[in-house]
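S.K.: The structure under discussion is supplied below as structure tokens; questions concerning it will follow.
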Amino acid sequence: MITEKPVVDYPEQTPSFDVQDTSPVSDSETSLLQQSSDEKKSETKHISTFSVFPLVVNAAIGTGVFGLPLAYFEAGVYPSLLILILFFFLNNITAGYVLEALSRLNVLPSKFSTKYIFPEVTPLNEKTPLEDQKQHLVDQKLKYEVVEQNCIIKNTYGYTEMGLRLGGSPLKIFSNMCIILNCYGGLWAYVATCVTTFVTVIWIIVGDQEKCSNSQYKNPWECQVTYYWSIFVYSVLVIPLSFLDVGRQAFIQIALTFIRFFSFGVMVITCVVQISMTGPLDAERNVFAFYWDGFGTMFTHTAFAFVVQHTLPALIGPVKGDKKKVHFAICSALSIASVFYLLVAIVCAYTFNGKVKTPVTLNWANYTGRDGGWGDGKELWFAYIIKYLILFFPVLNLTSTFPLLSNTLAANIEDLFPLKVKKRHGRWTKFGSRAIAIFPPFILTMFSSSLKIIFDVSGIIAFFLAFTLPCIYVFMSLYRFNNIKMCHLRPKTPYTNWVTSTPVAITAVFFVTLTLFCVSLYFLIQNIVLSF
């Protein structure tokens, strides 16, 4: 049950402001991470601030990174590099916007229609003694500082609940639809990537690697059996993990993060060796030129690779104690992810050129270790290790990411249930929502596994989640304090940045990203029309 939080009545002397006593009760959307009852709280496993780093890395480096080399090849390295750098800064800014909005929700009333009356500094009568005027200003400043001290993250809310509290039902519905569609697209891409990898590995072992190289429905029946069997195997791997809470996955996430960095390192090193010894494997086009026809694909693939903002409330929810330092962990994780995006995308696009595949790890299916790495002849002994390490890397990578994204999707699906149903059947709605989130991507993969189509469509939706909605959330968090001044910022939060957090900066970020989105959408539509 959500209770309206009353406006605090400040006393004349030093005010006491106990947010915990007056904060609204979190609804069941966030019950995946923080339960309202004492019994459920005891079941929640807390994590340290350090654990946020691998969680964000695993959430950021999903299937998107495996499609970036193809996107860089189609658009060219230089324009792709500029967009990646731009997205890196925008990603860090909008991640801070999400944290700012969550902090202000700790003070704001739960209902959107109830605005918070911020204690203003009011002038006194001119006849008031000077000492009394000074004391009055001190008291008002103290009230103002107390409000800011309590703009911290105690309760975490999912994206849809944030939309409801900050913008009412319209913003909630828009947020919910965006996040559900994007999450389904992401999970669909996860399953498609891993299933494609399984099929490739199976036919390498059989000895007929090119047998299933055509599109899904043009392949012979043996490939069809292999394809659907691979879907079943991957479901057995990830479905049990997806029914665990995020806090219980911290150790798994940390272990898989180290495997991820090691695999990326091997990918980059093998490509560099190939380039230094015999050069790129193909010379179809100059990858350092600018190709406008590939801008839409590059933009959507990059946006899809960077989207992580909608998972942040769920990832920081289990953090024990003060959450003021989570912003540093998040920015560090996004920085590391961007570096690996840059290395993998540029090096692989240059190495494979016209032969680049998606996911790019499939290019290692022909790795022999000879003549730089991809020469003719039988595989050398170390080539077997490198080949299967890289081929199975997406499986390990996405096995760790699938539960994070499915939990986020389940939290938003759970929000669609009536409050009475969630209150009476909390356990059933929780696991029912997870089932609805987990199984459809496997069903969709039975019909199609085209990653390019998935990335293009999901990238458009991901754009709103990563850049548009955080701008709206932080702007509305300021608006609800009845205090929108384009060059002023109050109340501050531990995550406030005086350069990017002012309303005028938020508006600028919003319109820059909106312009990029329109340009990308134009090129995507143009490519679709020209393809017929």
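For the sequence shown, UniProt numbering assigns the number 1 to the initial residue and increments by one for each residue that follows. Glycine residues also receive a C-beta, built at the ideal position from the N, C-alpha and C atoms. None of these values were measured; they are calculated from a predicted model.
1) Check whether the Cβ atoms of Thr94 and Gln309 sit closer than 7 Å, and answer yes or no.
2) Span of the alpha helix (DSSP H) holding His327?
3) The alpha helix (DSSP H) with Arg165 in it runs from where to where?
4) Throw me the rounded Cβ distance for the Val273 and Gly373 pair, which I believe falls under 8 Å.
5) Can you give the beta carbon distance from Val344 to Pro69, rounded, assuming they're within the 8 Å contact cut?
6) Hey, quick one: how far does the alpha helix (DSSP H) through Ala410 stretch, first residue to last?
7) Leaving out five residues on either side along the sequence, give the residues of the same chain with a beta carbon under 7 Å from the beta carbon of Tyr291.
8) Note down the Cα distance separating Ile231 from Phe447, rounded to an integer number of angstroms.
9) Run the CB neighbour count on Ser335, radius 10 Å, all protein chains shown included, and call it buried at 16 or more, exposed below.
10) The alpha helix (DSSP H) with Ala75 in it runs from where to where?
11) Going by C-alpha to C-alpha distance, which of Pro359, Val356, Val360, Lys387 sits closest to Thr368?
12) DSSP on Arg480, reduced to helix/strand/coil?
13) What's the gap between the Cα of Leu99 and the Cα of Glu379?
14) So who's on the other strand from Trp374, going by DSSP bridges?
15) Less than 7 Å between C-beta atoms, sequence neighbours within five positions excluded: which residues of the same chain meet that for Val195?
16) Under 8 Å Cβ to Cβ from Thr197, same chain only, skipping five residues before and after it: list those, please.
17) So Gln96 packs on Tyr495, CB below 8 Å; how close in whole Å?
18) If we count the other Cβ atoms within 10 Å of its Cβ and call it buried at 16 or more, is Phe258 buried or exposed?
19) Spell out the partners DSSP gives Val319 in its beta bridges.
20) Whose CA, out of Val504, Ala60, Ser501, Ser477, lies closest to the CA of Ser103?
21) Should the region 263 to 272 be called in touch with the region 423 to 441, which here means at least 3 C-beta pairs below 8 Å?
22) Could you tell me the boundaries of the alpha helix (DSSP H) in which Val421 lies?
23) Hey, could you find the ends of the alpha helix (DSSP H) Ser450 is sitting in?
24) Taking the straight line between their C-alpha atoms, what separation do you get for Tyr190 and Leu398?
25) Between the Cα of Leu105 and the Cα atoms of Asn219, Asn92, Tyr159, which residue gives the shortest distance?
26) Considering only residues of the same chain and omitting the five flanking positions on each side of Glu39, which have a CB-CB separation below 8 Å?
27) For the alpha helix (DSSP H) containing Ser501, list its first residue and its last residue.
28) Apart from the five residues just before and just after Val238, which ones in its own chain have a Cβ nearer than 6 Å to its Cβ?
29) For Leu315, which residues in the same chain have their Cβ closer than 8 Å to its Cβ, ignoring the five residues on either side in sequence?
30) CA-CA distance, Ala192 and Ser458?
31) With distances taken from CA atoms, which of Thr49, Ser110, Gln526 is nearest Gly294?
32) If you draw a straight line from the alpha carbon of Tyr157 to that of Gly163, how long is it in whole angstroms?
33) Out of Ile453, Ala289, Leu389, Pro313, state which residue places its alpha-carbon closest to the alpha-carbon of Ile346.
34) Can you give me the Cβ contacts of Ala462 inside the same chain, cut-off strictly under 7 Å, excluding the 5 residues immediately before and after it?
35) Taking 7 Å as the threshold (C-beta atoms), are Tyr473 and Ala101 in contact?
M.R.: By the coordinates alone:
1) yes
2) 326 to 352
3) 159 to 206
4) 6 Å
5) 7 Å
6) 381 to 414
7) Glu74, Ala75, Gly76
8) 11 Å
9) exposed
10) 64 to 75
11) Lys387
12) coil
13) 50 Å
14) Arg370
15) Tyr227, Ser230, Ile231, Tyr234, Thr445, Ser449
16) Pro359, Thr361, Leu362, Leu391, Phe392, Pro394, Val395
17) It is worth fixing the name first, because residue 96 is Gly in this sequence and not Gln. Between Tyr495 and Gly96 the Cβ distance is about 5 Å, and since that is below 8 Å, they are a contact.
18) exposed
19) Ile47
20) Ser477
21) no
22) 419 to 424
23) Note, Ser450: premise wrong, no alpha helix (DSSP H); not H, not E.
24) 6 Å
25) Tyr159
26) Here Glu39 scores only 36 on pLDDT, less than 50, and its place in the model should not be relied on; the value that follows carries that caveat. Excluding positions up to five away in sequence, the list is empty.
27) That residue, Ser501, is in no alpha helix (DSSP H); it is neither H nor E in DSSP.
28) Thr399, Phe402
29) Val52, Leu55, Val56, Ala59, Val246, Leu404
30) 14 Å
31) Gln526
32) 9 Å
33) Ala289
34) Asn182, Ala303, Phe304, Val307
35) yes
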